[in-house]
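Only one structure is covered here, and it is reproduced in the block below.
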Amino acid sequence: MAGGMAINADAGMKPRRLRVIFVLVWALLQSFKILLAVRLPLFVDEAFYAWEGRHMGWAYSDVPGLTAALARLGSAVAGMEPWATRAPFLLLGAWLPWLVRGIARRWFGDRAGEQAGLLALAMPLSGLLGILALPDVPLVVATLLCVDAIARLRERVGALALLQLALALVMGAFSHYRFAAVLVAGLAGVLMDGPARALLRDVRIWLVVLVGVLAWWPLWRWNLEHGGAGWRFQLLDRNPWSFHADGLAWLPIQFLLVGPLLFLLLLATLRAAWQQRDEPGSPWPLILGISIVAVPGYFVLGFFADSERVSFHWPLAGWLVLVIAAPMLLAGWRRSAQIALWATAALAMTVGLAWLFAAGNAPQRRALSESRLYPVPFAGTDEVAAWLQGKHPDPTATIIAGDFESAAKLAFYLDRKDVRVLDDPRNHEHGRARQIQAWGLQLDRREALPAGDTWLLVEDSATAMKLRLQSYHRLCDVLGRLPPPEVLLVDHGRKRYLLYRFDSRKISPNCVAPALAWIDTPLPEAKVGAVITIAGWAFKDGAGISRVEILIDGASVGDADYGAAMANVAGYWRISTDPNQPRVGFRLMLAGDHLASGRHWLGLRLHGADGSVEDWPEQRILIAPR
């Protein structure tokens, strides 16, 4: 027990009843997680880890080898299905609350253990862990296994506890580069805690530490063989290491993802750990040392580190260490406050589950296409897979993707490990370029293409509009003139894909790019009256536009007048080679009295002078009641 704070630990609901509640909530949540693992489209990082699993290795540019091995294990047992790839991660995620529960029971008693397990289930960050095949699952499990092993070793240095610590250190080293930060947090905890610090005098502990150090060798070796590309990306390329105010967003994000009242409870637990840091024999100093590095430490780091990529999950291990001790503080709360905490935690978990279910349901996802809640990482995967599978590409055909994201999905759904990838800035931004190069799959020039049937998929919407023409020209530099693309719009064009099929032996050096367009009037979500003025610009490098067709809710309502002078467009897109520049403006006055009042989708169908037909993403407009 933890001294004075254990006074209230056995008050309230009996441990046996809490245990029943814990098991029931755990089983219910696992059922939802399994259902989501089956229904959710493949997340892009999952697809890449599965692709790495097709090229088995001890380490890769972005992660050590365990994540890829687990993804490969699931697919090898149950086939190339998203749920199969996720299965090992689901099992690890299901184990996590039991680990939290076991450590809390050891330190603070049965009732605290059951409550800690429930809190781990109630926190969206940990409760939903395991649905996706991501390296944070084994990383967090390895962290808790380390804490559990230290908890056992503080009582008695036994062979099983030593073996557990060794396996946990190896598992963490093979999970992610970020496990190094966990080791720093663990060292801080051990140095602050008397019983744990005493373990450093035992030679057996140092032998276990040596095993943990050796587990990093495959990652070191990969970096030594590839110019330190992985370390450079993790430590330098993705982090500006200069102060920026984006770190302030850390607090409200954690407030929502941990759960409002649970967030406050865990901060109070951190404060209690500080106050009890000198209590002899208690685990509070160990908890303080680990959590102060893994929670406030990440908050401070947020002002200097990467603000472009997702990092809200980084402090999860620290939060869970605080969850272990949180029941000691919760016991002192008024009953109304405790009820409010569980209610808000249940609400946060419900919202998280609802968003994930919407991400896995096409109509619900489409309804979010104009909002900030749109699940970008999950969108388009199923549609592109069905689109391509319906075209039955020859198994011997060359498959090329515009970037690593599309390549990973194609490799998964077409069951191919030889998908070629163009050198796209996104490959470098996400630390995947060097790995693709190491596999020999990066395509830098058309002369490297095998002769014959070739398919190229480009996710057009993944490139910012201001960079898109430059991206098209870069595509021409590598592959030359391509045939008119087929276009797939997903969720009204929030995701837009271009598919080219051509014979690599018949490529012309002349460049014809996809069309670019913009609707200046009306603006998205604009309210329009009986007469709608639709105006904007459109051009197509290397060929020109012959016709701009206006669509309302997918149906043609007429052609716009095309050819108005747009000097500002020519001035902005200075590298444009459209023969019509600067006369690329279009305009249509449309009588909207035959349209029902309410929301409608306005789109463009761009007809190129080369015979191409390309649909442009739609935008929503509001017809005012008449």
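If you want the working numbering, it's the position in the sequence shown, counting the first as 1, plus 29.
Ideal Cβ placement from N, Cα and C applies to all residues, glycine included.
For PRO153, the CB contacts under 6 Å within the same chain, skipping 5 residues up- and downstream, are LEU286, ALA377, MET378, GLY381 in chain order. For the set GLY614, ASP570, HIS459, ALA360, the Cα lying nearest the Cα of ILE604 is the one of ASP570. In the three-state DSSP reduction, GLN466 falls in the helix class (H, G or I). In this structure, the alpha-carbon of ALA584 lies about 11 Å from that of HIS629. Per the C-alpha coordinates, the member of THR410, GLY632, ASP74, GLY241 positioned closest to ARG455 is ASP74. At the C-beta level, SER90 and ARG463 come within 8 Å of one another. Excluding sequence positions up to five before and after TYR442, its CB lies within less than 6 Å of the CB of ALA414, all in the same chain and listed in chain order. When secondary structure is reduced to three states using DSSP, GLN418 falls in the helix class.
Listed in chain order, the alpha helix (DSSP H) elements of length 4 or more contained wholly in the region 568-604 are 596-601.
Burial check for LEU57: the Cβ neighbour count within 10 Å stays below 16, so the residue is exposed. Contact check for LEU65 against LEU385 passes: the beta carbons are separated by less than 8 Å.
Looking from the CA of PRO314, the closest CA among TRP246, LEU345, LEU351, LEU294 belongs to LEU351.
According to DSSP, residue pairing for ILE548 in a beta bridge involves GLY565. Across the structure, VAL176 and ASP447 are spaced so that their CA atoms are roughly 41 Å apart. With a 10 Å radius around the Cβ and a threshold of 16 neighbouring Cβ atoms, SER400 comes out exposed. Per DSSP, reduced to three states, the secondary structure at HIS255 is coil, with no helix or strand assignment. In the structure shown, the three-state DSSP call for ASP532 is strand.
Within the region 603-650, the complete beta strand (DSSP E) runs of at least 3 residues fall at 612-620, 627-637. Rounded to the nearest angstrom, the gap between the Cα atoms of SER204 and HIS342 is 15 Å. When secondary structure is reduced to three states using DSSP, GLU184 falls in the helix class. Here the C-alpha atom of TRP235 lies approximately 35 Å from the C-alpha atom of LEU358.
With a 10 Å radius around the Cβ and a threshold of 16 neighbouring Cβ atoms, TYR526 comes out buried. Distance check between TYR78 and each of ARG115, VAL67, ARG45 places ARG115 closest, using alpha-carbon atoms only. Checking the DSSP bridge columns, you'll see ARG449 partnered with ILE429.
As computed with DSSP, LEU518 is found in a beta bridge with ARG525. Residues THR298, ILE316 of the same chain have their beta carbon placed closer than 6 Å to that of ALA354, with the five preceding and five following residues left out of the count. Around ASP423, the same chain offers ASP482 as residues with beta carbons nearer than 7 Å, after the five sequence neighbours per side are excluded. Note on geometry: alpha-carbon atoms of MET200 and GLN263 lie some 19 Å from one another. Cα atoms of ALA217 and LEU228: separation of roughly 14 Å, rounded to the nearest angstrom.
A contact is defined here as three or more CB-CB pairs under 8 Å, and the region 501-515 fails this definition with respect to the region 578-597. DSSP, read as helix, strand or coil, puts THR373 in helix. The Cβ neighbour count for HIS459, taken over all protein chains shown within 10 Å, is at least 16; the residue is labelled buried. Within the model, the alpha-carbon separation for GLY241 versus ASP165 is close to 18 Å. No Cβ-Cβ contact shorter than 8 Å links ASP549 with ALA567. One Cα belongs to ARG612, the other to ARG530, and the distance between them is close to 31 Å.
Exposure of ASN390 is indicated by the presence of fewer than 16 other C-beta atoms within 10 angstroms of its C-beta.
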